[in-house]
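Peer 1: Those protein sequence lines, which keep their order, are chains A and B.
If you want the numbering used here, it's the 1-based position in the first sequence plus 1.
If you want the numbering used here, it's the 1-based position in the second sequence plus 1.
There are 2 protein chains.
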Amino acid sequence: MLTEKPVTVFLDELASSAPAPGGGSVAALSGALGAALVSMVCNLTLGKKKYANVQGDIEALLSQSEALRKELVELLEADVQVYTEVSKAMKMPRTTEEEKAARTAAMQKALKAATEVPMRVAEACVKVMDLCRPVAEKGNVNAVSDAGVAVLMAEAGLRSAALNVLINLAWIKDEAFVAENRAKLDALLEGKASMRDEIYDLVVEKL
Amino acid sequence: MLTEKPVTVFLDELASSAPAPGGGSVAALSGALGAALVSMVCNLTLGKKKYANVQGDIEALLSQSEALRKELVELLEADVQVYTEVSKAMKMPRTTEEEKAARTAAMQKALKAATEVPMRVAEACVKVMDLCRPVAEKGNVNAVSDAGVAVLMAEAGLRSAALNVLINLAWIKDEAFVAENRAKLDALLEGKASMRDEIYDLVVEKL
Chain A
2 MLTEKPVTVF
12 LDELASSAPA
22 PGGGSVAALS
32 GALGAALVSM
42 VCNLTLGKKK
52 YANVQGDIEA
62 LLSQSEALRK
72 ELVELLEADV
82 QVYTEVSKAM
92 KMPRTTEEEK
102 AARTAAMQKA
112 LKAATEVPMR
122 VAEACVKVMD
132 LCRPVAEKGN
142 VNAVSDAGVA
152 VLMAEAGLRS
162 AALNVLINLA
172 WIKDEAFVAE
182 NRAKLDALLE
192 GKASMRDEIY
202 DLVVEKL
Chain B
2 MLTEKPVTVF
12 LDELASSAPA
22 PGGGSVAALS
32 GALGAALVSM
42 VCNLTLGKKK
52 YANVQGDIEA
62 LLSQSEALRK
72 ELVELLEADV
82 QVYTEVSKAM
92 KMPRTTEEEK
102 AARTAAMQKA
112 LKAATEVPMR
122 VAEACVKVMD
132 LCRPVAEKGN
142 VNAVSDAGVA
152 VLMAEAGLRS
162 AALNVLINLA
172 WIKDEAFVAE
182 NRAKLDALLE
192 GKASMRDEIY
202 DLVVEKL
């Protein structure tokens with residue numbers, strides 16, 4: 002498992018010419034880093050007298066951020082798997098017409114799977130972003146910069162995932178699938194850049 | 002060393018209430034992920050006939066991205082160390098006037114060191130950003146989405162580092178130090194959000 006390797010080894014494998022990990026894995030990792038930072042702010046708020054009146058809210062936020070962190074780590078591993086399938090399909094023989102048809106069918110199937118994973122990463126990153134404003138507003142003010150970093154990482158994860166959806170869609174022939182996924186992605190991206198900047202400004206004001 | 006730990010353990014320690022790692026470490030990691038992705042695009046371009054006329058440019062970009070990746074991993078470790086010093090100083094006794102004065106002096110010294118590290122992270126992230134446009138323009142077009150993810154991670158690292166500079170500056174009493182560092186930070190941030198969006202749009206056009 003890639004996420005069981007040391008951080009430096011992950012970076013080495015990322016920097017190499019090996020097909021995976023790549024930008025898709027980084028999108029999932031970025032979202033997971035954002036979720037972990039939301040959890041950190043929650044953990045620095047729980048049990049603190051000064052924040053007694055928000056303990057229930059913070060517990061609910063922590064439970065969501067931890068579920069999203071787990072999901073994003075799983076999606077990181079899934080991204081490597083689906084990308085490996087695309088690479089395998091690309092290397093299939095294409096001499097005869099039968100081989101060409103089999104390769105195209107395998108490629109199209111693998112590309113659809115490789116689109117679904119970053120789309121789920123994008124969805125999870127949006128959910129992490131939704132936790133950042135409440136945690137910046139209600140969480141331990143000494144850790145407010147961490148809530149700011151959380152939203153930056155979640156939004157970078159969202160847009161990174163979007164690039165990985167788009168690069169796969171460019172090769173997919175099923176026009177209905179492409180249209181549906183483009184619409185879904187546009188809806189996920191809508192307003193998120195301003196949301197990130199608003200939360201960043203809110204954090205800077207509280208510093 | 003934190004970066005020798007598995008990715009999942011890094012995330013666990015980040016999510017915990019332990020003082021470090023925190024947002025400062027994530028800023029450095031985000032920059033290192035961006036640098037590693039620049040290297041990946043370079044490695045997928047070197048030795049390819051189609052890109053024969055840019056081999057020299059790509060080699061120069063790779064040498065810069067690898068140096069920045071190394072620097073950012075070192076800064077990640079340095080951030081944990083300087084933050085630990087701030088935590089230690091905060092826990093110093095403050096009953097007598099002498100103790101209070103000693104604690105304040107230790108705090109101010111530790112806060113200045115804790116400001117320098119994210120400032121260096123911010124500088125390195127800007128340098129990573131500078132590599133993203135040439136690598137998106139000249140590198141292997143099949144990996145252009147990775148150049149896009151690189152700029153998103155480097156810019157998120159820059160702004161995350163900025164939040165960590167600002168949270169430390171808020172506690173520093175040396176007004177000249179604060180003014181100088183604020184000016185330096187503003188210069189680093191200037192125009193980088195539009196630069197990120199321009200490179201992102203360039204990547205989307207090439208998908």
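From the three backbone atoms N, C-alpha and C, an ideal C-beta is built for every residue, glycine too.
Following the continuous alpha helix (DSSP H) through V10(A), name the residue where it begins and the one where it ends.
Peer 2: Locating residue 10(A) in the first sequence gives position 9, where the first residue counts as 1. V10(A) -> alpha helix (DSSP H) spans 8-16.
Peer 1: Using three-state DSSP, classify L153(B) as helix, strand or coil.
Peer 2: Here residue 153(B) is taken as the residue at index 152 of the second sequence, counted from 1. In this structure, L153(B) counts as helix in the three-state DSSP scheme.
Peer 1: Got a sec: is the Cβ-Cβ distance from L164(A) to anything in chain B below 7 Å?
Peer 2: In the first sequence, the residue the question calls residue 164(A) occupies position 163. Taking Cβ atoms only, chain B reaches closer than 7 Å to L164(A), which makes this a yes.
Peer 1: Buried or exposed for A184(A), going by 16 or more other Cβ atoms inside 10 Å?
Peer 2: Within the first sequence, the letter at position 183 stands for residue 184(A). The residue is exposed, with fewer than 16 neighbouring Cβ atoms inside 10 Å.
Peer 1: Out of Q82(B), N143(B), C43(B), D187(B), which one is the CA nearest neighbour of A62(B)?
Peer 2: On the second sequence, position 61 is the one that residue 62(B) refers to. In the sequence as presented, Ala is not what sits at residue 62(B); that position holds Leu. Closest by alpha carbon: C43(B).
Peer 1: How do the segment 51-60 of chain A and the segment 74-81 of chain A stand: do at least 3 beta-carbon pairs fall below 8 Å, yes or no?
Peer 2: Touching, no, given that fewer than three Cβ pairs across the two stretches are closer than 8 Å.
Peer 1: How should R70(B) be labelled, buried or exposed, when 16 other C-beta atoms within 10 angstroms of its C-beta is the threshold for buried?
Peer 2: Within the second sequence, numbered from 1, the residue matching residue 70(B) stands at position 69. Buried, by the Cβ-count rule.
Peer 1: Using C-beta distances below 7 Å, list every residue in its chain close to V81(A), excluding the 5 sequence neighbours before and after it, in chain order.
Peer 2: Translated into the one-based positions of the first sequence, residue 81(A) becomes position 80. Cβ neighbours of V81(A) beyond the five flanking positions: L3, A21, P22, S26.
Peer 1: Quick one: Cα of L209(A) to Cα of S88(B), how far?
Peer 2: For residue 209(A) there is no data in the structure shown, the boundaries of chain A being 2 and 208.
Peer 1: What are the residues in the segment 77-104 of chain A lying within 7 Å of chain B by C-beta distance?
Peer 2: Residues: none.
Peer 1: Can you give the beta carbon distance from G32(A) to G158(A), rounded, assuming they're within the 8 Å contact cut?
Peer 2: Locating residue 32(A) in the first sequence gives position 31, counting from the first residue. Locating residue 158(A) in the first sequence gives position 157, counting from the first residue. About 4 Å; that satisfies the 8 Å criterion.
Peer 1: Would the beta-carbon of S1(A) fall within 7 Å of that of L38(B)?
Peer 2: The structure shown does not extend to residue 1(A), since chain A spans only 2 to 208, so no value can be given for it.
Peer 1: Along the alpha helix (DSSP H) that carries N44(A), what are the first and last residues, could you check?
Peer 2: Taking the first residue of the first sequence as 1, we reach residue 44(A) at position 43. First-last of the alpha helix (DSSP H) with N44(A): 24-44.
Peer 1: Can you find a CB in chain B that lies within less than 7 Å of the CB of F11(A)?
Peer 2: The count along the first sequence starts at 1 and reaches residue 11(A) at position 10. So yes, F11(A) belongs to the interface.
Peer 1: Mind checking whether L189(B) and A123(B) have CB atoms under 7 Å apart?
Peer 2: Here residue 189(B) is taken as the residue at index 188 of the second sequence, counted from 1. Here residue 123(B) is taken as the residue at index 122 of the second sequence, counted from 1. The answer is yes: Cβ separation under 7 Å.
Peer 1: Is there contact between the segment 83-102 of chain A and the segment 125-141 of chain A, where contact requires at least three CB pairs shorter than 8 Å?
Peer 2: The answer is no - the segment 125-141 of chain A does not touch the segment 83-102 of chain A, with fewer than three Cβ pairs under 8 Å.
Peer 1: I'd like the list of long-range same chain contacts for L186(A), defined as Cβ closer than 8 Å, with 5 residues on each side in sequence excluded.
Peer 2: Sequence index remark: in the first sequence, residue 186(A) carries index 185 (1-based). M120, A123, A163, V166, L167, listed in sequence order.
Peer 1: Check the C-beta distance from L170(B) over to T96(B) and give it rounded, since I have them as a contact under 8 Å.
Peer 2: Your numbering for residue 170(B) matches position 169 in the second sequence. Your numbering for residue 96(B) matches position 95 in the second sequence. Not a contact, Cβ separation roughly 28 Å.
Peer 1: Tell me which residue opens and which closes the alpha helix (DSSP H) that T96(B) is part of.
Peer 2: As a working note, residue 96(B) is residue 95 in the second sequence. Taken as a continuous stretch (DSSP letters only), T96(B) belongs to no alpha helix (DSSP H), as it is neither H nor E.
Peer 1: If you draw a straight line from the C-alpha of V145(B) to the C-alpha of M108(B), how long is it?
Peer 2: Here residue 145(B) refers to the residue found at position 144 when the second sequence is read from its first residue. Here residue 108(B) refers to the residue found at position 107 when the second sequence is read from its first residue. Cα to Cα, V145(B) sits roughly 46 Å from M108(B).
Peer 1: Hey, how far is the Cα of S40(B) from the Cα of P94(B)?
Peer 2: Sequence index remark: in the second sequence, residue 40(B) carries index 39 (1-based). Sequence index remark: in the second sequence, residue 94(B) carries index 93 (1-based). Cα to Cα, the separation comes out at about 48 Å.
Peer 1: Closest by CA to L15(B), which one among K174(A), K207(A), D147(A), D175(A)?
Peer 2: Counting from one through the second sequence, the residue named residue 15(B) turns up at place 14. Closest option to L15(B), Cα to Cα, is D147(A).
Peer 1: Which residues in chain B sit within 8 Å of K1(A), going by Cβ to Cβ distance?
Peer 2: Here chain A covers residues 2 to 208 and nothing more, so residue 1(A) does not appear.
Peer 1: Mind reading off the beta-carbon distance from A237(B) to E176(B)? Whole number of angstroms is fine, and I expect it under 8 Å.
Peer 2: What is shown of chain B runs 2 to 208, which leaves residue 237(B) out entirely.
Peer 1: Spell out whether any CB of chain A is found under 7 Å from the CB atom of V118(B).
Peer 2: Taking the second sequence and counting its residues from 1, one reaches residue 118(B) at position 117. Closer than 7 Å: no.
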